[in-house]
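Trainee: Chains as they are written, first to last, in my numbering: chain A, 1 to 36; chain B, 1 to 503.
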Amino acid sequence: MNGPVEERTYLWPRRYVFAVTLAVIIMLLLVLWLVV
Amino acid sequence: MWLGIAFALFYVIYLAIVVPAAALAAAAVYAVGVPVRYFIALGRVLAVRPPGLPAPRRQPRLPADADPAVLQYFYGPAVADADQAIRAAYDDCRGFWDAGAGRIKSYLRGDRPWITRPLGVGGAIGMAAGTAIGAAVAAVCALIQLVAVGVSAALVRAAGAGLRGIDSALLRVKNIRMVCPACSERVPYPGYVCPGDGCARRHRDVRPGRFGILRRRCECGTRMNTLLLFGSSRMAAFCPHCGHPLEHRPGEAPEIVLPFFGATGAGKTRLLFSIVTQLQVWTREGQLTAEFADSVTTRELDAAEHILRSGNATAKTPVQLPRAHVIRVSSGKGTRILHMFDAAGERFYHSDRTQELAYLGQARTFILVIDPLSVEAFWARLPAGRRAELGPARSTAPSPELAYQQTHQEIEAMGVPLRKARLAVVFSRADLICPPDGDPAEWARCELGLGNLIRSAHHSFKETCYFHTAAVMDSGGAMDESVAVLMRWVLAGDGVALPGDGS
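#1: Look up serine 330(B) in the DSSP assignment and give the residues it is bridged to.
#2: So the alpha helix (DSSP H) arginine 204(B) belongs to, where does it begin and stop?
#3: Are the Cβ atoms of proline 208(B) and methionine 235(B) separated by less than 8 Å?
#4: At what residue ranges does the segment 233-320 of chain B contain a whole run of the alpha helix (DSSP H), taking only runs of 4 or more?
#5: Just to confirm, are glycine 100(B) and alanine 31(B) a CB contact at a threshold of 8 Å?
#6: Is the number of C-beta pairs between the segment 405-421 of chain B and the segment 457-474 of chain B that are closer than 8 Å three or more?
#7: When the distance is taken between beta carbons, is arginine 57(B) closer than 8 Å to aspartate 83(B)?
#8: Within 8 Å of any Cβ in chain B, is that where the Cβ of valine 5(A) sits?
#9: Beta carbon of valine 546(B), beta carbon of isoleucine 367(B): below 8 Å?
#10: What does valine 79(B) touch in chain A if you count any residue whose Cβ is under 7 Å from its own?
#11: Taking the continuous alpha helix (DSSP H) assigned at cysteine 183(B), which residues delimit it?
#12: Please report the distance separating the alpha-carbon of methionine 178(B) from that of aspartate 294(B).
#13: Please report the straight-line C-alpha distance between serine 351(B) and tryptophan 12(A), rounded to a whole angstrom.
#14: Helix, strand or coil: how does DSSP classify alanine 78(B) here?
#15: Does the separation of the CB atoms of glycine 495(B) and isoleucine 370(B) fall below 8 Å?
#16: Does the beta-carbon of glutamine 145(B) have 16 or more other beta-carbons within 10 angstroms, so that it is buried, or is it exposed?
#17: Would you mind reading off the limits of the alpha helix (DSSP H) that contains histidine 468(B)?
#18: Out of curiosity, what's the CA-to-CA distance linking methionine 1(A) and leucine 53(B)?
#19: Touching or not, the segment 33-41 of chain B and the segment 89-100 of chain B, by the rule of three or more beta carbon pairs under 8 Å?
#20: Going by the DSSP bridge assignment, what does tyrosine 192(B) pair with across the sheet?
#21: Would you list, in sequence order, the uninterrupted alpha helix (DSSP H) runs of no fewer than 4 residues that lie entirely inside the segment 364-405 of chain B?
#22: If we ignore side chains and look at the alpha-carbon of each, how far apart do valine 329(B) and glycine 286(B) end up?
#23: I'd like to know whether the C-beta of arginine 419(B) is nearer than 8 Å to at least one C-beta of chain A.
#24: I believe valine 147(B) touches alanine 78(B) by the beta-carbon criterion, under 8 Å. Please report the beta-carbon distance rounded to the nearest angstrom.
#25: Report, in whole angstroms, the separation of the C-beta atoms of glycine 438(B) and arginine 445(B), which I expect to be a contact under 8 Å.
#26: Name the residues in the segment 21-33 of chain A whose C-beta lies less than 7 Å from a C-beta of chain B; which are they?
#27: Look at the alpha carbon of serine 184(B) and the alpha carbon of methionine 473(B), and state the distance between them as a whole number of angstroms.
#28: Quick one: complete beta strand (DSSP E) runs, 3+ long, within the segment 426-486 of chain B?
#29: If we ignore side chains and look at the alpha-carbon of each, how far apart do leucine 279(B) and leucine 402(B) end up?
#30: Is histidine 325(B) helix, strand or coil when you go by DSSP?
#31: Can you pull the DSSP bridge partners for aspartate 111(B)?
#32: With contact counted as at least three CB pairs below 8 Å, one residue from each stretch, are the segment 317-326 of chain B and the segment 338-356 of chain B in contact?
#33: Tell me, which residues are paired with phenylalanine 341(B) by DSSP?
#34: Hey, alanine 26(B) and glycine 123(B) are a contact pair by Cβ (cut 8 Å); roughly how many whole angstroms apart?
#35: Is the separation between the beta-carbon of phenylalanine 341(B) and that of proline 254(B) shorter than 8 Å?
#36: Please name the residues in the segment 153-179 of chain B whose beta-carbon is closer than 8 Å to at least one beta-carbon of chain A, in chain order.
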């Protein structure tokens, strides 16, 4: 577990990675749905 | 018998319906459940961060002498998070699998009725197929996460390198080369002390990199700017070589290194005091702004004007390595930081002692100070009465040529391109010897016999100029004009416009 300073520093980068991963997956699913 | 055949037929039909249905149901549950569990784990690691989250196995390591700052997320922690998310998802999926396998085993137990066994068989087949599909989907999702991290890390590194390049280019365009006043080393980039309350952690290199691109966070939690471009010069700086505080806010303005050299008692310190006093006079008149840029300079030069006004002699310069007197000069053409180095004359007689003056290698304009009274030939030609009168003021140091040749060799050995350097040769004590009007170089050649020195300076340096100076103040508190004339020539090479230069 990181310390509180690290947790605070990484809060938004982590959310960014989560959002980007989710967005890419949703986009791929949409593309698949449109293709199939 | 017919009953047996009917039952067998019913059981076959039952198998034909139940086994595929159970398999389909199990496959659907696991094909969807495994990726969903991966997402839940990802959300726990990246978004929710519950207190019970297991510690990541992979932690980025830093060298022992690294700056006391928090690593930038994409310089290691992002990969550690991906690893942690995958492990957490794997653990969740194992639990999910174990729960399903336990239920199927219970359907296949011998004590169970015959009607549940096909459910177990279908469920097992479906679970295997569903898990395989779900694992493949989860692996694709994990790959997407890793690609997102990789692309972001590449972009962050490229942005960091780009910003470093822009900052360096701006420093080059502004002609800013930083020098430490204490150790005289060139400072590629100042180190900074954390500005946090009660925190004095020292960051040796704050530029964009593994600790942050636009800003970094000190271990105490305080944010710090990473570039002069973003205002890092507002923080307390220190020299990364010697650790000495750099109070003059390096990086904001071009720095000019001005070394004074010459024999003992030639008048270097008095000339330095005169220059400082002239700057103060111009500041009072509102023609420019000159201020001492650090506390040491303030302490050492605060009394310069008083000493000149009183006519007292300056104290003998200690033989120890000199520290720069740092003065910030702001005029119409911008701000410059002057580093004026005044070493004791003894340092210019022996190569090993001159070599220690590392600042000579950083300068592009040099000031050689010569006391005409110390030249034996000139002294011998003075009337006896004049000699008796000037005797106490005369320097008894060796010939000024020795100091010049010695320093000239060392400057060259330090790699200074002399063909790009400028030399001011200053003949001090003009108030005592009253030199004739005309070319001081010609006067020095004829009267002082310094033809060799003048020839050498002319051939070696890009530009050489000769001056008579009188480091005295009149009763009205004005410095002798000769000091201003010298300053205009010396600083014109660095684009500093001083009052009265006509620009």
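A virtual CB, placed ideally from N, CA and C, is assigned to each residue, including glycine.
Mentor: Taking the structure as given:
#1: Thr289(B), Thr335(B)
#2: It is not in any alpha helix (DSSP H) - arginine 204(B) carries neither H nor E in the DSSP assignment.
#3: Cβ distance not < 8 Å, so proline 208(B) and methionine 235(B) don't count as in contact.
#4: 268-284, 295-301, 304-310
#5: no
#6: yes
#7: A contact, by the Cβ cut-off of 8 Å.
#8: yes
#9: Since the first residue shown for chain B is 1 and the last is 503, residue 546(B) is missing from the structure and cannot be characterised.
#10: Chain A residues near valine 79(B): none, gap ~11 Å exceeds 7 Å.
#11: DSSP places cysteine 183(B) outside any alpha helix (DSSP H), giving it a letter other than H or E.
#12: 15 Å
#13: A direct Cα-to-Cα measurement between serine 351(B) and tryptophan 12(A) gives close to 59 Å.
#14: helix
#15: no
#16: In the assembly as shown, glutamine 145(B) is a buried residue. Its beta-carbon has 16 or more other beta-carbons within 10 Å.
#17: Unbroken run through histidine 468(B) is the beta strand (DSSP E), 463-468; no alpha helix (DSSP H).
#18: Note that methionine 1(A) scores 49 on pLDDT, short of 50, meaning its location in the model is unreliable; the coordinates nonetheless yield the value given after this. The alpha-carbon atoms of methionine 1(A) and leucine 53(B) are separated by roughly 8 Å.
#19: Enough Cβ pairs lie closer than 8 Å, so yes.
#20: For tyrosine 192(B), which the question treats as bridged, DSSP gives the partners His203(B), Ala237(B).
#21: Counting only runs of 4 or more, we get 376-381, 384-390.
#22: Going from the Cα of valine 329(B) to the Cα of glycine 286(B) covers about 12 Å.
#23: So, not an interface residue.
#24: Contact doesn't hold; Cβ gap of about 12 Å is too wide.
#25: With a Cβ gap of about 12 Å, glycine 438(B) and arginine 445(B) do not count as contacting.
#26: Thr21, Val24, Ile25
#27: 32 Å
#28: 463-468
#29: 31 Å
#30: strand
#31: Per DSSP, none; premise fails for aspartate 111(B).
#32: Cβ pair count under 8 Å is three or more, so yes.
#33: Pro259(B)
#34: Indeed they touch by this definition, with Cβ atoms about 4 Å apart.
#35: no
#36: none
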